[in-house]
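Report on the structure given below.
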Amino acid sequence: MGYKLVRSVLIVNRKIKEYSLSDNELIAGILADSRLTLNHLYQSFFPMVLQLILSNNGSEEDAKDIFQESIIVLYDKVKAGNFELSSKLKTFIYSVCKRLWLKRLNHKGRNALNISDLDDFIALEEDLDQHEIKDKLFWQMEQSLSQLGQPCRAIIEDYYIQNKSMQDISDRFGYTNADNAKTQKYKCMQRLKKIFFSCYSSISND
Amino acid sequence: MIGLWLSKPESSEQRVTLKIDANIKLIRMKHDQQLIDFVERHLRGELSPEELAEFDQLCVEDQEVKNIVIEHQSFIQHLTVYGARKRLVSDMEEAYQQFKVGGIVKQREKTFTIKKLWHTYRSHITVAASVALFAVITTWTLMRHFSDSGSTSYSILRREVNSLKQSQNALIRNINGKPVNKPEDSGRFRGTGFAISTNGYVITNYHVVQGADSIQVQNEEGQSFKVKQIYVDPVCDLAVLQISDPHFKTFTALPYSFKRSLSDIGEDVFTIGFPDDKSVYGRGYLSSRTGYAGDTLAYQVSIPVNPGNSGGPLLDSHGNIIGIISGKQTHFDGAAFAIKSKFLLKSIEAISQDSLDKKIVLTKRNMLAGLDRKDQIKKLQNYIFMVKVY
Numbered sequence: 055m056g057y058k059l060v061r062s063v064l065i066v067n068r069k070i071k072e073y074s075l076s077d078n079e080l081i082a083g084i085l086a087d088s089r090l091t092l093n094h095l096y097q098s099f100f101p102m103v104l105q106l107i108l109s110n111n112g113s114e115e116d117a118k119d120i121f122q123e124s125i126i127v128l129y130d131k132v133k134a135g136n137f138e139l140s141s142k143l144k145t146f147i148y149s150v151c152k153r154l155w156l157k158r159l160n161h162k163g164r165n166a167l168n169i170s171d172l173d174d175f176i177a178l179e180e181d182l183d184q185h186e187i188k189d190k191l192f193w194q195m196e197q198s199l200s201q202l203g204q205p206c207r208a209i210i211e212d213y214y215i216q217n218k219s220m221q222d223i224s225d226r227f228g229y230t231n232a233d234n235a236k237t238q239k240y241k242c243m244q245r246l247k248k249i250f251f252s253c254y255s256s257i258s259n260d
Numbered sequence: 002m003i004g005l006w007l008s009k010p011e012s013s014e015q016r017v018t019l020k021i022d023a024n025i026k027l028i029r030m031k032h033d034q035q036l037i038d039f040v041e042r043h044l045r046g047e048l049s050p051e052e053l054a055e056f057d058q059l060c061v062e063d064q065e066v067k068n069i070v071i072e073h074q075s076f077i078q079h080l081t082v083y084g085a086r087k088r089l090v091s092d093m094e095e096a097y098q099q100f101k102v103g104g105i106v107k108q109r110e111k112t113f114t115i116k117k118l119w120h121t122y123r124s125h126i127t128v129a130a131s132v133a134l135f136a137v138i139t140t141w142t143l144m145r146h147f148s149d150s151g152s153t154s155y156s157i158l159r160r161e162v163n164s165l166k167q168s169q170n171a172l173i174r175n176i177n178g179k180p181v182n183k184p185e186d187s188g189r190f191r192g193t194g195f196a197i198s199t200n201g202y203v204i205t206n207y208h209v210v211q212g213a214d215s216i217q218v219q220n221e222e223g224q225s226f227k228v229k230q231i232y233v234d235p236v237c238d239l240a241v242l243q244i245s246d247p248h249f250k251t252f253t254a255l256p257y258s259f260k261r262s263l264s265d266i267g268e269d270v271f272t273i274g275f276p277d278d279k280s281v282y283g284r285g286y287l288s289s290r291t292g293y294a295g296d297t298l299a300y301q302v303s304i305p306v307n308p309g310n311s312g313g314p315l316l317d318s319h320g321n322i323i324g325i326i327s328g329k330q331t332h333f334d335g336a337a338f339a340i341k342s343k344f345l346l347k348s349i350e351a352i353s354q355d356s357l358d359k360k361i362v363l364t365k366r367n368m369l370a371g372l373d374r375k376d377q378i379k380k381l382q383n384y385i386f387m388v389k390v391y
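Chains as they are written, first to last, in my numbering: chain W, 55 to 260; chain G, 2 to 391.
So this is what it looks like as structure tokens:
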């Protein structure tokens, strides 16, 4: 199945190459939150990662996960504003994926000799450490939100993530007016904070 | 209750302060909500310059307020990061699906004409293919079924005694002028066997004694002894025989021992067997740790063997028995097979000792190590028998 995908992807890729974006264009796209950029990233780099994972004890699903993680690392780095294109974007993604996959393989206790002996082109320690902290915070928030329960979660998400107005939220959840919704939002927020910070101490803040 | 009153006389006063605390808390809560609102508006940059100044003043004046502000700011930050990542993940999911679909669509375009043909002629092709498959399988099965084992590429090495051999026997007798010890009937099949204990137990291949009416073993000196089958293991192709002849004198000790572990490829090996009416020595090397078609029960040995060698011992240079010759590959040079000694020992151990009148005691001492090959063979010869099957 996996290999079939690789093959079909390679066929497509040959056609796409003609209008593929340069690294700088891609980075500009990331900064501009362009959705098309993501499509381009998949078309340009996913086949490479798929092959890397498939030839090293992984499945297509693993490749998808690892690639997603590497894109998150890239986005975080680019958005933090300290991304200097010291290598090709392709090399960066490949190295990140390789590291992440090695780590996962080690975690599973499987032999990973196949890729460990390849040279690393770029130093990624800092990026990956940061990614790990961010990852933990993300899951921390996810867990806190699910502990919070409904409708609190929906209110918080609508207001803080979807950036909906208090009036919309009030209408959606059937509050008599926006002020009531606001009070409810405040209470939800206080509870969420409590849940989040009660586990927060376990995560290094630096 | 009284004790409490006594020990805490100021308690009524405390109750009053508590009430005031609660009031403050209520006020503070309202205050907090406003504060948080303020902070959020500040973060969104919605504050007017006057409000901004008021806010800064508040932060400077009240440390507690400042802490709340910092905490809330960092929390909103976490929440925003969370939201951004969540959005990114869902976007990626979409991009991945698009990418996947794109790949499949393109492939479909390429194979469209083939697919169309396939759809039109699917039923015809299916029928034709199944008929062909059926024919192939039937032919193959029939061929396997009706061809005798000799035509397969694995051939067992028991010797079918024919007239030619009998004439050779006669020839030997004529030359020597004395008859070989009672060669009354040379039997239907010949093979080789060897002693596994001093009290007359002999091991050979199952295919040598398969379907036998009676079995005799004949030693190097030409003495024949009647034997009975004690145990057969068709899977490993092994048979254990016991010499039941009263003329048989027990051996003092066997010169060889059995190797339990696997031998290595390239090991120098030799065998003695009866492809003829006399014992014949053959020398070779272990060429693979698996036998015919990857059979893990056997070794592949590069050694000259012929029909009649079946059941002969395979020894390493130290005189340890590492296997038992069982067959060879036809039309294939130097590929003989020997069942590993490990399975030989397993078979022997599987025999229930209670049902035996004499126990099988395997020798652990090896008297052949260090001797040169000629002396090894001299010592060995007495313990290797020709197995004659009637």
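Built from N, CA and C at the ideal position, the CB exists for glycine as well. Given the structure is predicted, the values throughout are model-derived calculations rather than measurements.
Taking 8 angstroms as the CB-CB limit, is W:Lys-247 close to chain B? The question asks about chain B, but that chain is absent: this structure's protein chains are W and G.
In whole angstroms, what is the alpha-carbon distance linking G:Ser-402 and G:Tyr-286? With chain G covering 2 to 391 only, the question about residue 402 of chain G has no answer from this structure.
Residue from W:Ser-252, W:Gly-228, W:Gln-238, W:Tyr-213 whose Cα sits closest to the Cα of G:Ile-77: W:Tyr-213
Quick one: measure Cβ to Cβ for G:Ile-273 and G:Ile-340, integer angstroms, because I've assumed they're closer than 8 angstroms. The pair is not a contact, with the Cβ atoms about 16 angstroms apart (cut-off 8 angstroms).
Through-space distance from W:Lys-247 to W:His-161, alpha-carbon basis: 32 angstroms
CA nearest to the CA of G:Ile-244, picked from G:Val-236, G:Lys-229, G:Thr-253: G:Lys-229
Short CB-CB distance (under 8 angstroms) between W:Tyr-148 and chain G: no
Smallest Cα separation from G:Asp-373: which of G:Gly-320, G:Pro-276, G:Ile-385? G:Gly-320
List, in order along the chain, the chain W residues whose C-beta lies closer than 7 angstroms to that of G:His-79? Leu-191, Met-195
Could you tell me how far apart the beta carbons of G:Lys-260 and G:Ile-361 are, in whole angstroms, since I believe they sit closer than 8 angstroms? The pair is not a contact, with the Cβ atoms about 17 angstroms apart (cut-off 8 angstroms).
Looking only at its chain, what residues have a beta carbon closer than 7 angstroms to the beta carbon of W:Ile-120, apart from the 5 residues adjacent to it on each side? Excluding positions up to five away in sequence, the list reads Val-103, Ile-107, Cys-151, Leu-154, Trp-155.
Assuming W:Phe-227 and W:Ile-209 are in contact, meaning their beta carbons sit under 8 angstroms apart, how far apart are those beta carbons, in whole angstroms? 7 angstroms
What does a CB cutoff of less than 7 angstroms around G:Tyr-207 pick up in its chain, not counting 5 residues either side in sequence? Excluding positions up to five away in sequence, the list reads Val-233, Asp-234, Pro-235, Asp-238, Leu-239, Ala-240.
Do you know offhand how far W:Asn-93's Cα is from W:Ser-113's? Cα to Cα, the separation comes out at about 21 angstroms.
Closer than 8 angstroms by C-beta to W:Ser-124: which residues in its own chain qualify, once you throw out the five before and the five after it? Chain order, please. Val-103, Ile-147, Val-150, Cys-151, Leu-154
Specify the secondary structure class of G:Leu-242 as computed by DSSP and reduced to three states. strand
Under DSSP, the beta strand (DSSP E) around W:Gln-26 begins and ends at which residues? Coverage of chain W is limited to positions 55 through 260, which leaves residue 26 of chain W absent and any answer about it impossible.
Identify every residue that forms a DSSP beta bridge with W:Pro-101. Partner(s): none; W:Pro-101 has no beta bridge.
Does DSSP classify G:Met-387 as helix, strand or coil? G:Met-387 falls in the strand class under three-state DSSP.
How would you list, in chain order, the residues of chain G whose beta-carbon sits under 8 angstroms from the beta-carbon of W:Gly-93? According to the sequence as given, residue 93 of chain W is Asn; it is not Gly. Chain G residues near W:Asn-93: Ala-96, Gln-99, Phe-100.
Proximity test, Cβ basis, 8 angstroms: G:Gly-84 and chain W: yes
Which residues in the same chain have their Cβ closer than 8 angstroms to the Cβ of G:Leu-44, if we skip the five residues on either side of it in sequence? Gln-74, Ile-77
Buried or exposed by the 16-neighbour rule on C-beta atoms within 10 Å, applied to G:Asn-68: With fewer than 16 Cβ atoms within 10 Å of its Cβ, G:Asn-68 is classed as exposed.
Could you please give the first and the last residue of the uninterrupted alpha helix (DSSP H) stretch that includes W:Thr-145? Under the DSSP assignment, W:Thr-145 falls in the alpha helix (DSSP H) whose first and last residues are 143-162.
Here's the rule I'm using: 16 or more other beta-carbon atoms within 10 Å means buried, otherwise exposed. How should G:Leu-395 be labelled? The structure shown does not extend to residue 395 of chain G, since chain G spans only 2 to 391, so no value can be given for it.
Quick check: what's the CA-CA separation for G:Gly-371 versus G:Pro-308? 31 angstroms
Taking only beta-carbon positions, decide if W:Gln-122 is within less than 8 angstroms of chain G. yes
As assigned by DSSP and simplified to three states, the class of G:Asp-376: Helix, per DSSP.
Do you know how far the Cα of W:Ile-84 is from the Cα of W:Tyr-129? 7 angstroms
Chain G contact for W:Gln-238 (CB, 8 angstroms cutoff): At a cut-off of 8 angstroms between beta carbons, W:Gln-238 makes no contact with chain G.
Under 7 angstroms from any heavy atom of the ligand SAH, does the C-beta of W:Trp-155 make it? Absence of the ligand SAH from the depicted structure is noted, as is the absence of any ligand whatsoever, leaving it without description.
Inter-residue Cα distance where the pair is W:Gln-105 and W:Lys-157: Between the C-alpha atoms of W:Gln-105 and W:Lys-157 there is a straight-line separation of about 17 angstroms.
Compile a chain-ordered list of the residues in the region 44-74 of chain G whose CB is closer than 7 angstroms to at least one CB of chain W. none
Measuring CA to CA, which of G:Lys-380, G:Arg-191, G:Asn-200, G:Gly-212 is closest to G:Glu-327? In the sequence as presented, Glu is not what sits at residue 327 of chain G; that position holds Ser. Checked all of G:Lys-380, G:Arg-191, G:Asn-200, G:Gly-212; the closest Cα to G:Ser-327 is G:Arg-191.
Could you tell me whether the Cβ atoms of W:Val-127 and W:Asp-181 are closer together than 8 angstroms? yes
Cα separation between G:Val-281 and G:Thr-127? 58 angstroms
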